[in-house]
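Residue numbers (our numbering): 110 to 475.
Here a beta-carbon is modelled for each residue, glycine too, at the ideal position from N, C-alpha and C.
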Ligand SMILES: [Zn+2]
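Right, dumping it as structure tokens:
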């Protein structure tokens, strides 16, 4: 167990090294590249229906989705992690997205349940599961790594069957959470508009999402264990309904994304950030809440307008929220910050020099 936690922490360090987002780069940003990831393939059939296999269902929907994107969103490039019936390891799927600098990653799957009556579509973003049911979906999808060679060392001892392995998803800070939820919500909305039963947007620890460095979602199109839904999922009409629902969601997300990254919006954001930087290191004792640390620059979201400051400590960049000059004020905000950044903690400074929080409290009381 202790070993597991250690491993999780090692993985966490690797995780927080997300790529930098600068305002200059963002000014030219448009949603240009999408990686479509049909789950499973080759020797890994995925979930099994009475007559169908998940790997075939999701490949058909993925390819149709790609066609729709190519036809209508001409400035978007679509890259598949697989376009044929081949086995691709999970880490390779993420690597394809990362190496290509994709703006969005969509992993497509179908579900199964021992309870044959269960139906409906759901979309996952990376995070800690809130229910046993969500954990089970992630466990099932993550189990494919056991078909890969050398999976214990490749995934640093992650055991998909052990709930303890999933602790790391609690410690993890998902930089792309908000954007991923936006995509997932649009997909669910469109699937519902297409007549599918909406099981909602959920969070769980999917390994394939963990390693991507962009907004990422995993869609469970429906249950091939249910006879009616299996018929729908494997039919031409079903493929069309599902692919076009995801396509409409991608299109809406692109509109949002491109507007948000238009030069005028970016300029306004940069100005706001600049204003907040003023007096980031005032004279005297001050307390802050450290929310993240990383070797590379990362985007840290603020809460209730608290200023975000970054301090370089050797090779590590430490990100903090708020500048408080009383401990009471800092404590009052801590609760709210902790809800988003579970592992945050107080740090204290005298000017820009770091001091012990205890010392700061004593000095502030004087
Ligand atoms: Zn799957």
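> Just reading off the beta strand (DSSP E) that residue 443 is part of, what are its end residues?
Replying inline: Element bounds for residue 443: not the beta strand (DSSP E) but the alpha helix (DSSP H), 436-449.
> With respect to 7 Å, is the separation between the Cβ of residue 231 and the closest non-hydrogen atom of ligand 1 below this value?
Replying inline: No, since every heavy atom of ligand 1 falls outside the 7 Å radius drawn around the Cβ of residue 231.
> For the region 381-425, which segments carrying the beta strand (DSSP E) assignment without a break, of at least 3 residues, lie completely within its bounds, in sequence order?
Replying inline: List check, beta strand (DSSP E) in window: 394-403, 417-422.
> Can you tell me whether DSSP reads residue 136 as helix, strand or coil?
Replying inline: Low per-residue confidence applies at residue 136: pLDDT is 45, beneath 50, and the placement is therefore not dependable, though the value from the model is reported in the following sentence. Helix at residue 136.
> Hey, out of 279, 353, 175, whose CA is closest to residue 447's CA?
Replying inline: When C-alpha distances from residue 447 are compared across 279, 353, 175, the shortest belongs to 279.
>> Considering only DSSP beta bridges, list what residue 455 is partnered with.
In response: Answer is 398.
>> What does DSSP give as the partner residue(s) for residue 235 in the beta ladder?
In response: Residue 235 pairs with 313.
> Is the closest heavy atom of ligand 1 to the C-beta of residue 148 under 7 Å?
Replying inline: Relative to the non-hydrogen atoms of ligand 1, the Cβ of residue 148 comes within a distance shorter than 7 Å of at least one.
> Do residue 250 and ligand 1 come close, with the Cβ less than 7 Å from some heavy atom?
Replying inline: Residue side-chain check: residue 250 places its Cβ nearer than 7 Å to a non-hydrogen atom of ligand 1.
> Quick one: what's got a C-beta closer than 8 Å to residue 319's C-beta in the same chain, skipping five residues either side?
Replying inline: If the five residues before and after residue 319 are omitted, its C-beta is found closer than 8 Å to the C-beta atoms of 124, 203, 235, 278, 281, all from its own chain and listed in chain order.
>> Give me the residue from 290, 332, 180, 157 with the minimum Cα distance to residue 305.
In response: Measuring from the Cα of residue 305, the nearest candidate turns out to be 332.
>> Going by DSSP, what residue range makes up the beta strand (DSSP E) through residue 328?
In response: For residue 328, the enclosing beta strand (DSSP E) starts and ends at 325-332.
>> Looking at residue 155: is its Cβ nearer than 8 Å to the Cβ of residue 218?
In response: Note that the C-beta distance between residue 155 and residue 218 is below 8 Å.
> Excluding the five sequence neighbours on either side, which residues of its own chain have a C-beta within less than 6 Å of the C-beta of residue 133, listed in chain order?
Replying inline: Caution is warranted here: a pLDDT of 43 is assigned to residue 133, below 50, making its placement in the model unreliable, and no coordinate value can be reported.
>> Below 7 Å, is the gap between the Cβ of residue 145 and the nearest heavy atom of ligand 2?
In response: In the structure on display, ligand 2 does not appear, and the ligands it does have are ligand 1.
>> Using CA atoms only, rank isn't needed, just tell me which of 199, 240, 193 is closest to residue 171.
In response: Taking each of 199, 240, 193 in turn and checking the Cα distance to residue 171, the smallest one comes out for 193.
> Smallest Cα separation from residue 432: which of 457, 341, 467?
Replying inline: Comparing alpha-carbon positions, the option among 457, 341, 467 lying closest to residue 432 turns out to be 457.
> So which of 330, 179, 429 has the shortest CA-CA distance to residue 165?
Replying inline: Among 330, 179, 429, the Cα nearest to that of residue 165 is on 330.
>> Quick test of your reading: residue 349 and residue 173, contact by CB under 8 Å. State the CB separation rounded to the nearest angstrom.
In response: The pair is a contact, with the Cβ atoms about 7 Å apart (cut-off 8 Å).
>> Suppose you measure from the CA of residue 428 to the CA of residue 260; what does that come to, to the nearest Å?
In response: When rounded, the distance between both Cα atoms is 33 Å.
> Span of the alpha helix (DSSP H) holding residue 276?
Replying inline: First-last for residue 276: undefined, no H or E at that position.
>> Taking the beta carbon of residue 297 as the centre, do at least 16 other beta carbons fall within 10 Å, making it buried, or is it exposed?
In response: For residue 297, the number of other beta carbons within 10 angstroms of its own is at least 16, and it is reported as buried.
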